[in-house]
Amino acid sequence: MSALNGIGKLYSLFKRTDIDKEMKNKSAICIGQLFRAKQLPDEMRSEITSHLKSLVNDSDEWTKNNSIGALAYLAQNLVNNREIVKGRFKIPQ
1 MSALNGIGKL YSLFKRTDID KEMKNKSAIC IGQLFRAKQL PDEMRSEITS HLKSLVNDSD
61 EWTKNNSIGA LAYLAQNLVN NREIVKGRFK IPQ
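At position 89 of the sequence shown (counting the first as 1) the number is 89 in my numbering, and the numbers step up by one without a gap.
Okay, structure coming up:
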């Protein structure tokens with residue numbers, strides 16, 4: 001994934017304004033799953049975690065469950081966790 005700059009391409013896709021909501025959601029979830037317990041780069045940490053947090057109550061079960069899973073993976077890293085818990089946010093079980 002890193003040899004082809006896949007994460008950069010996913011982040012570029014996430015940032016695009018001409019894509020639909022589902023594609024934006026899935027790109028954020030993929031980034032969260034790919035990073036797992038690794039620290040997100042500074043330039044994407046706030047945006048990705050904020051977007052994933054906004055999806056935990058999504059009406060689509062797949063989106064909801066996978067955003068929760070991605071947040072749980074990211075929270076294993078202390079820096080990511082600090083960003084996730086801002087505003088007293090708790091990852092749903």
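Idealized CB from N, CA, C, for every residue including glycine.
Do you know how far the Cα of residue j is from the Cα of residue i?
| i | j | result |
| --- | --- | --- |
| R16 | L10 | 10 Å |
| N66 | Q33 | 9 Å |
| T63 | V85 | 20 Å |
| N77 | D58 | 25 Å |
| E83 | M23 | 23 Å |
| Y73 | D18 | 28 Å |
Measuring alpha carbon to alpha carbon, tell me which residue in the options is nearest residue i.
| i | options | result |
| --- | --- | --- |
| I91 | V79, G69, I48 | G69 |
| N25 | P41, D42, L71 | L71 |
| L55 | L13, D18, F89 | F89 |
| V79 | C30, Q93, E61, M44 | M44 |
Please check if any C-beta of chain C sits within less than 7 Å of the C-beta of residue i.
| i | result |
| --- | --- |
| P92 | Chain labels in this structure do not include chain C; a single protein chain is all it has. |
For residue i versus residue j, is the C-beta distance shorter than 7 Å?
| i | j | result |
| --- | --- | --- |
| A28 | I48 | yes |
If you follow the alpha helix (DSSP H) that residue i is in, where does it begin and where does it stop?
| i | result |
| --- | --- |
| D42 | 42-54 |
| G82 | One detail in the question is off: residue 82 reads as Arg in this sequence, not Gly. Taken as a continuous stretch (DSSP letters only), the alpha helix (DSSP H) holding R82 covers 78-84. |
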